[in-house]
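Single-structure report; data block below.
Numbering (our numbering), first residue to last: 260 to 402.
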């Protein structure tokens, strides 16, 4: 199942952006992963916001906020096209939530990590990518 985590300096997001960023990023991830828009898959898309205290993130050049989006998906869940779309849309989502424009895009890094098949467990069982694909197909048929 997908997981997305945004690490940002405290105060770097607008208040409306802070209120919506986790659900917005989770929706971006599910869309690019190709998961069905069902309650089950939405509930499995875990989203974290980690806000760093003042001064915890800087560069050698300046103190402007930087944003790190870490995405974990099952290996094979994203084609190259989907990965590129996810990176682009996640970047745009973070920029909007921070009140920044496209000129600040290099301040957003997106790291996509693929979890090797057989190394992800939930509910006390190992979950394989094929299991998720079969479940998604069944849920699409019910939709």
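In this text, a Cβ means the ideal position worked out from N, Cα and C, and glycines have one as well.
Exercise. Would you check if the distance between the CB atom of residue 328 and the CB atom of residue 367 is smaller than 9 Å?
Key: Yes.
Exercise. In the DSSP assignment, find the unbroken alpha helix (DSSP H) run with residue 332 in it and report its ends.
Key: Boundaries around residue 332 are those of the beta strand (DSSP E), 326-333, since no alpha helix (DSSP H) includes it.
Quiz item: Alpha carbon to alpha carbon, how far is residue 391 from residue 377?
Solution: Each residue's alpha carbon lies about 12 Å from the other.
Practice problem: Identify, in the order they occur along the chain, each residue of the same chain with its Cβ nearer than 6 Å to the Cβ of residue 268, setting aside the five sequence neighbours on each side. | Solution: Same-chain partners within the cutoff: 311, 316, 324.
Quiz item: Span of the beta strand (DSSP E) holding residue 263?
Solution: Start and end: 262-268.
Quiz prompt | Where residue 287 falls: helix, strand or coil (DSSP) | solution = Three-state result, residue 287: helix.
Quiz item: Whose CA, out of 295, 393, 322, 331, lies closest to the CA of residue 306?
Solution: Nearest in C-alpha terms to residue 306, of all of 295, 393, 322, 331, is 331.
Quiz prompt | CA-to-CA distance, residue 351 to residue 277, given in whole angstroms | solution = Answer to the nearest angstrom: the Cα atoms are 14 Å apart.
Quiz prompt | Nearest-angstrom beta carbon gap, residue 370 and residue 363 [assumed within contact, 8 Å] | solution = Contact between residue 363 and residue 370 fails: their C-beta atoms lie close to 18 Å from each other, not under 8 Å.
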